[in-house]
Amino acid sequence: MADNRQGQLGSTTRDRRGSRRRTAALAAGLLAMAAALLLALSGCQGVAAAQPPALAKAPAAPHKVVVIGDSLSTGFGTTAQDAWPNLINTDPVDIDDQLQLFNASTNGSGYVSIGTGNSTFGSQVKDAVTSDTQLVLFFGSENDMGQAPAAIGAAASAAFAEAKAKSPQAVMLVVGPPSYTDQPESDRLAVRDEVQDAAVAVGAMFVDPIAQGWIMGHVDDLIGPDGDHPSVAGQHYIKAQMEKLIKEALSQPAVLPAVTKAPTAPATAPAVVK
Numbered sequence: 004m005a006d007n008r009q010g011q012l013g014s015t016t017r018d019r020r021g022s023r024r025r026t027a028a029l030a031a032g033l034l035a036m037a038a039a040l041l042l043a044l045s046g047c048q049g050v051a052a053a054q055p056p057a058l059a060k061a062p063a064a065p066h067k068v069v070v071i072g073d074s075l076s077t078g079f080g081t082t083a084q085d086a087w088p089n090l091i092n093t094d095p096v097d098i099d100d101q102l103q104l105f106n107a108s109t110n111g112s113g114y115v116s117i118g119t120g121n122s123t124f125g126s127q128v129k130d131a132v133t134s135d136t137q138l139v140l141f142f143g144s145e146n147d148m149g150q151a152p153a154a155i156g157a158a159a160s161a162a163f164a165e166a167k168a169k170s171p172q173a174v175m176l177v178v179g180p181p182s183y184t185d186q187p188e189s190d191r192l193a194v195r196d197e198v199q200d201a202a203v204a205v206g207a208m209f210v211d212p213i214a215q216g217w218i219m220g221h222v223d224d225l226i227g228p229d230g231d232h233p234s235v236a237g238q239h240y241i242k243a244q245m246e247k248l249i250k251e252a253l254s255q256p257a258v259l260p261a262v263t264k265a266p267t268a269p270a271t272a273p274a275v276v277k
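Heads up: the sequence shown begins at 4 in my numbering, then just goes up one per residue.
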């Protein structure tokens, strides 16, 4: 009888030990499964949190500018590469301005004066301005000196009207003829006055290099041996003036309410480019 009770007690003890081992194994298995689940969830969250790379910003389309002018804009006396419109294209002061200049200028031309290839400012507008032109820049012209003032005014008005007809949204920037002295000839002033009046009539932005004192006092550095056309340094000087004006004009609406008057203080010449 004692032997039977001892056997039953040993059997019960073994059963309890086995049960504890099974329970421990089950708990360990559950912990392992929980750890694996947490690891999987953590991995999924990491993938979800990852952000796609930022898309590169597309470059802005360049502003299309047409230059209407004479030999002061062709590089006459230097080279076409040294002409101020080309300098703006190849070496702008601010690359973010995104300017694209098409230079329609020809030697000897003016509003009335007929230049190379029977060109006038009016014919340059007809040949070069397109519907997507954003700014038309007129510069000059001393070649019209001696022409009847009324004829200059009429030709300027016609050229401006043609530019507006070809590109209604385009801004017009009209720069009068420069003078290298503070006592310009009466014929030069007559050209300036007729061009200014025509520009005001169409709401263009007018700039007077004579009033601003462009080049005055710096002729030896900025004008070439012929005494009329800019040297390489002079082309860089005009480029600096024009680039500022273009940037200002492009910030204006297509039709301005009145002329932009030029300041009377002389412009300061930049360092001479060797």
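Cβ atoms here follow ideal geometry from the backbone N, Cα and C, with glycine treated the same way.
Use the C-beta contact count for ASP231: other C-beta atoms within 10 angstroms, 16 or more gives buried, fewer gives exposed.
It counts as exposed.
Look up PRO88 in the DSSP assignment and say whether it is helix, strand or coil.
PRO88: helix per DSSP, three-state reduction.
Among residues of its own chain, excluding the 5 on either side of ASP278, which ones have a beta-carbon nearer than 7 Å to its beta-carbon?
Lying outside 4 to 277, the shown extent of the chain, residue 278 is not represented and no answer is given.
Nearest-angstrom Cα distance between HIS239 and ASN106?
16 Å
Which residue wins for smallest C-alpha separation from GLY220, given the options SER254, SER182 and ALA151?
SER182
With DSSP as the reference, label PHE142 as helix, strand or coil.
strand
Pick helix, strand or coil for PRO187, following the three-state DSSP scheme.
coil
Quick check: what's the CA-CA separation for SER234 versus ASP224?
8 Å
Less than 7 Å between the beta carbons of VAL128 and ALA86, yes or no?
no
Can you tell me the Cα-Cα spacing of VAL205 and LEU176, whole angstroms?
11 Å
Which residue marks the beginning of the beta strand (DSSP E) containing PHE209, and which one marks its end?
208-210
Leaving out five residues on either side along the sequence, give the residues of the same chain with a beta carbon under 7 Å from the beta carbon of PRO95.
LEU102 and GLU246
Just confirm the distance between the C-beta atoms of ASP200 and GLY149, as a whole number of angstroms; I'd bet it's less than 8 Å.
Between GLY149 and ASP200 the Cβ distance is about 19 Å, and since that is not below 8 Å, they are no contact.
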